[in-house]
Amino acid sequence: MRKIQINQSGYTLLEALLQLLCLCMIAATIPLIIPWYEKTKEFMMGTNTAEFEVFMSEFRADLQKSEAIYVVNDEEIQLEQANETNPEKKYLSTYRFSKNRIIKTYGLGDGTDIKLVAVTKVHFSLEKELFTIQCKMGNDAIRRRTFVVSLK
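Each residue of the sequence shown is one higher than the one before, starting from -2 at the first, in our numbering.
What follows is the structure, encoded as structure tokens:
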């Protein structure tokens, strides 16, 4: 009688299909993990790049409409704009750093608006015709923008 030997090398079709299924499941999770990782990395580093750029865009628009800039202290400025409804009065808005965020207070009692969050330190400065805003965000990221202003 012959002895039957079983070949121990290789995979069965079922084993190969299970391995292929596991590989496909892992590959399907990669697109889900990458956005989560980027969001977590940005949160951990505290850069908030998109929010900072939106804030800078809105701030630049306010700066362009301003007739005068008053630096109250390193963490607070006031922008004076023309009042369209009453030309005799000026519209005064204030940007202030408070409790890890930059807040804009609108003139004429129109309220406040939180403009930027996750800020640990702010420094406003006006030297001659250069206005500089410097924000420290998170632990390391320092963002600085300088604007040339021509005030009358």
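All residues carry an ideal CB built from backbone N, CA and C; glycine is no exception. All values reported here derive from a predicted model rather than from experimental measurement.
Taking C-beta atoms as the reference points, T117 and K96 fail to come closer than 8 Å. For Q2, there is no enclosing alpha helix (DSSP H), as DSSP marks it with neither H nor E. Cβ-Cβ separation between L123 and V68: approximately 5 Å, consistent with a contact (criterion under 8 Å). In the DSSP assignment, A58 falls within the unbroken alpha helix (DSSP H) covering T46 to K62. Per DSSP, reduced to three states, the secondary structure at E124 is strand.
Secondary structure at Y8: coil, using DSSP grouped into helix, strand and coil. In this structure, R140 sits near F49, with a CB-CB distance shorter than 8 Å. Residue range G108 to V114 is occupied by the beta strand (DSSP E) that includes G108. The residues Q75 and T102, in chain order, have a CB closer than 6 Å to that of T91 in the same chain once the five nearest residues on each side in sequence are set aside. Taking C-beta atoms as the reference points, F128 and V146 count as a pair closer than 8 Å. For K87, the enclosing beta strand (DSSP E) starts and ends at K87 to F94.
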